[in-house]
Amino acid sequence: MQLTRKIALDTFYVGSSDRRLELFENIYPIERGVSYNSYLVMDEKTVLLDTVDHSVSRQFLENVRYVLDGRKLDYLIVNHVEPDHCATIDSIIREYPECRIVGNAKTLQFISQFFSFDVASKSETVKEGDVLSSGKHSFTFVLAPMVHWPEVMVTYDTLTKVLFSADAFGTFGALSGNLFADEVEFEKEWLDDARRYYLNIVGKYGVQVMNVLKKASDIDISMICPLHGPIWRKDLGWFIDKYKTWASYEAEEEGVVIVYSSIYGNTEQAVNYLALRLSDLGVRNIHMYDASKTDCSYLLSECFRYPKAVFASVTYNLELFPKMESLLLDLKAHLYQKRKVAIVECGTWALQSGKKMTEILKSMKNIEIVNEKAVSILSSAKGDVLKELDALAEALAE
């Protein structure tokens, strides 16, 4: 059974969704699954833009066969060679042996590393600004290295003004018939997954993303077709502005995120007290997370979302609690910056977590620690410690 949809002049969606996959890249939880998008343009020459993951290859191939309706496939444009988008290249080449693979030099190198067929004899190399004509449609190639692999490029159809954006502007979540962002409650139902997708997958490469956004600003774009998630044909500026905020490492909205690691509840009790004091001082959008319960990908996304954060951890085996250490190191790896943070430590016989958290946070760029000396809790918060938490709330509320 074919599951396709026409999305623009001569342009068809031929991708599919996987709702069974639990971990994207075997690390990020995806409760709503994920889509693998592919597009087919039916012109004088037929052009397929990217393929899909093995998990949905059967449906993908049925979709391609249906849209081609007996015609041969002339070109396969490969914007990104990560296996969730290139896994079925060999299947396409076996079924359509006359197809020419179009990609930049790095693209074709990576394809030859993944597959054993003679890539060189079946490919055409393109550079920045090169144009491929299929008849009415002309495809211009724009290199986008490190968004988020070095070979990535995006493809612009000058006839329909469609930008095939590779992993840029993608999001977690399977598609359910509604292929377009304006057909769903995107801000309510998809934005959190879009933010988490960007910050965890692409977020480290903010400078490179800004470079691509600068290139895109000179192009008249009517539609953005990413490799994951809904297609954009309305309110493109709103989503592009989100990308500009994320890529520049600016906070998206006001608020405070509190992340804690607690074994027997004493650290948790202390940050609950701190949250109440913050609320008394008029602070809104206070979000609290247990680092042992909430996956790190969600915590990272929330830490980037807000301008202020509190990291509170118990000492564990004379070290920082492992879940908190993992979060802070992940934040560092994703270039966490331009934030105000506070540190709270807890322990009974050897307080060390504050020192460890301070070391990691000070190694990051543009991080202001509002309390140079961590609030130290011996076993449980009481007496003068409560006064210190009051003062910390005031410092965060300023």
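Residues in the sequence shown are numbered consecutively from 710, following the numbering used here. Beta carbons: idealized from backbone N, C-alpha and C, even for Gly.
- Task: Within the same chain, show all residues whose beta-carbon is closer than 8 Å to that of Asn994, passing over the 5 residues directly before and after it, in chain order.
- Result: Reading the sequence shown from its first residue, position 285 is the one you call residue 994. Excluding positions up to five away in sequence, the list reads Glu962, Glu963, Gly964, Val965, Tyr1015.
- Measure the Cβ-Cβ separation of Gly915 and Tyr958 and say whether it is below 8 Å. Taking the first residue of the sequence shown as position 1, residue 915 is located at position 206. Taking the first residue of the sequence shown as position 1, residue 958 is located at position 249. Yes, they are a contact pair.
- Message: Just to check my reading of the structure: Pro1031 and Asn746 have Cβ atoms closer than 8 Å, yes? What is that Cβ distance to the nearest angstrom?
- Response: Here residue 1031 refers to the residue found at position 322 of the sequence shown. Here residue 746 refers to the residue found at position 37 of the sequence shown. So it is not a contact: roughly 37 Å between Cβ atoms.
- Task: Pull up the distance between the alpha-carbon of Thr954 and that of Trp1058, whole angstroms please.
- Result: Walking along the sequence shown from the start, residue 954 turns up at place 245. Walking along the sequence shown from the start, residue 1058 turns up at place 349. Going by the C-alpha atoms only, they are around 43 Å apart.
- Under 6 Å Cβ to Cβ from Glu1054, same chain only, skipping five residues before and after it: list those, please. By 1-based counting over the sequence shown, the position of residue 1054 is 345. Around Glu1054: Leu1060, Ser1062, Gly1063, Ala1083, Ser1085.
- Message: Count Cβ pairs between the region 734-742 and the region 780-787 that sit closer than 8 Å; are there 3 or more?
- Response: These segments do not touch.
- CB of Ile930 within 8 Å of CB of His857, strictly: Here residue 930 is taken as the residue at index 221 of the sequence shown, counted from 1. Here residue 857 is taken as the residue at index 148 of the sequence shown, counted from 1. Contact: no.
- Message: Quick check on Gln1046: does DSSP put it in helix, strand or coil?
- Response: Indexing the sequence shown from 1 puts residue 1046 at position 337. Strand.
- Nearest CA to the CA of Leu1098: which residue from Met1073, Leu985, Asp752? By 1-based counting over the sequence shown, the position of residue 1098 is 389. Per the Cα distances, Leu985.
- Message: Taking 6 Å as the limit between beta carbons, can you name the residues of its chain near Ala1021, skipping five residues before and five after?
- Response: Residue mapping note: residue 1021 aligns to position 312 of the sequence shown, counting from 1. Hits under 6 Å: Tyr969, Thr976, Val980, Val1053.
- Item | Endpoints, the alpha helix (DSSP H) within which Gly1063 is located | Taking the sequence shown and counting its residues from 1, the one referred to as residue 1063 is at position 354. Its alpha helix (DSSP H) spans residues 1062-1071.
- Message: Taking the straight line between their C-alpha atoms, what separation do you get for Glu804 and Ser726?
- Response: If you number the sequence shown from 1, residue 804 lands on position 95. If you number the sequence shown from 1, residue 726 lands on position 17. Inter-residue distance for Glu804 and Ser726 is about 22 Å (C-alpha atoms, whole angstroms).
- Could you say if the region 758-770 and the region 792-808 meet the contact criterion of at least three C-beta pairs nearer than 8 Å? These segments touch.
- Query: Which parts of the region 735-784 are runs of the alpha helix (DSSP H), unbroken and 4 residues or longer, counting only runs that do not cross its ends?
  - Reply: 766-777
- Query: What runs of the beta strand (DSSP E), each 3 residues or longer, lie entirely inside the region 896-949?
  - Reply: 932-934
- Task: Let me know the beta strand (DSSP E) ranges lying completely inside the region 862-889, each 3 residues or longer, listed in chain order.
- Result: 862-866, 871-873
- Item | Contact belief for Ser832 with Ile810 at Cβ below 8 Å, rounded distance in angstroms | Residue mapping note: residue 832 aligns to position 123 of the sequence shown, counting from 1. Residue mapping note: residue 810 aligns to position 101 of the sequence shown, counting from 1. Correct: roughly 4 Å between the Cβ atoms.
- Item | At least 3 beta-carbon pairs within less than 8 Å: the region 898-907 vs the region 934-950 | With a cut-off of 8 Å on Cβ pairs, the region 898-907 is in contact with the region 934-950, counting three or more such pairs.
- Item | Beta-ladder partner(s) of Glu1054, from DSSP | By one-based count along the sequence shown, residue 1054 stands at place 345. Beta-bridge pairing by DSSP links Glu1054 to Ser1022, Ser1085.
- Item | Cα-Cα separation, Gln1046 to Lys923 | Taking the first residue of the sequence shown as 1, we reach residue 1046 at position 337. Taking the first residue of the sequence shown as 1, we reach residue 923 at position 214. Straight-line Cα distance between these residues: approximately 22 Å.
- Item | beta strand (DSSP E) segment containing Val851, residue limits | The residue given as residue 851 occupies position 142 in the sequence shown. Residues 847-852.
- Message: Quick check: Val1023 and Ser1072, are their CB atoms within less than 8 Å of each other?
- Response: Mapped onto the sequence shown, residue 1023 falls at position 314. Mapped onto the sequence shown, residue 1072 falls at position 363. No. Outside cutoff.
- Item | the region 772-781 touching the region 857-870, judged by at least three CB pairs closer than 8 Å | no
- Message: Going by DSSP, what residue range makes up the alpha helix (DSSP H) through Lys836?
- Response: Reading the sequence shown from its first residue, position 127 is the one you call residue 836. Unbroken run through Lys836: none, as it is neither H nor E.
- Item | Cβ neighbour criterion (16 or more within 10 Å) applied to Ile820 | In the sequence shown, counting from the first residue as 1, residue 820 sits at position 111. Buried.
- Message: Measuring straight from C-alpha to C-alpha, what distance separates Phe850 and Ala925?
- Response: Residue numbering aside, residue 850 sits at position 141 when the sequence shown is read from its first letter. Residue numbering aside, residue 925 sits at position 216 when the sequence shown is read from its first letter. Their Cα atoms are separated by approximately 12 Å.
- Query: Can you give the beta carbon distance from Leu817 to Thr834, rounded, assuming they're within the 8 Å contact cut?
  - Reply: Taking the sequence shown and counting its residues from 1, one reaches residue 817 at position 108. Taking the sequence shown and counting its residues from 1, one reaches residue 834 at position 125. Right, their Cβ atoms sit about 6 Å apart.
- Item | Glu977: first and last residue of the uninterrupted alpha helix (DSSP H) it sits in | To locate residue 977, count along the sequence shown from 1; it is residue 268. Residue range 975-989 is occupied by the alpha helix (DSSP H) that includes Glu977.
- Message: Less than 6 Å between C-beta atoms, sequence neighbours within five positions excluded: which residues of the same chain meet that for Glu1107?
- Response: Taking the sequence shown and counting its residues from 1, one reaches residue 1107 at position 398. Result list for Glu1107: empty, nothing under 6 Å.
- With 16 other Cβ atoms within 10 Å as the buried cut-off, status of Asn1026: Along the sequence shown, read from residue 1 onward, the residue named residue 1026 stands at position 317. Its Cβ having fewer than 16 others within 10 Å, Asn1026 is exposed.
- Arg809 lies in the beta strand (DSSP E); which residues open and close that run? For the purposes of this step, residue 809 is identified with residue 100 of the sequence shown, where counting begins at 1. That run of the beta strand (DSSP E) goes 809-812.
- Message: Leu730 and Val743 - do their beta-carbons sit closer together than 8 Å?
- Response: Sequence index remark: in the sequence shown, residue 743 carries index 34 (1-based). Sequence index remark: in the sequence shown, residue 730 carries index 21 (1-based). Yes, the Cβ-Cβ distance between Val743 and Leu730 is below 8 Å.
- Task: Would you mind stating whether Ile1078 and Leu1087 have Cβ atoms separated by less than 8 Å?
- Result: Taking the sequence shown and counting its residues from 1, the one referred to as residue 1078 is at position 369. Taking the sequence shown and counting its residues from 1, the one referred to as residue 1087 is at position 378. Cβ distance not < 8 Å, so Ile1078 and Leu1087 don't count as in contact.
- Task: Verify the contact flag: Ile820, CB atom, against every heavy atom of the ligand NAP, threshold strictly below 7 Å.
- Result: For the ligand NAP, the structure offers nothing, since it holds no ligand at all.
- Task: Out of Val723, Asp989, Phe948, Ser1001, state which residue places its alpha-carbon closest to the alpha-carbon of Ala890.
- Result: Counting from 1 along the sequence shown, the entry for residue 890 is found at position 181. When each option's Cα is compared against that of Ala890, the closest is Phe948.
- Item | First and last residue of the uninterrupted beta strand (DSSP E) at Arg728 | Translated into the one-based positions of the sequence shown, residue 728 becomes position 19. Premise fails: Arg728 is in no beta strand (DSSP E) and is neither H nor E.
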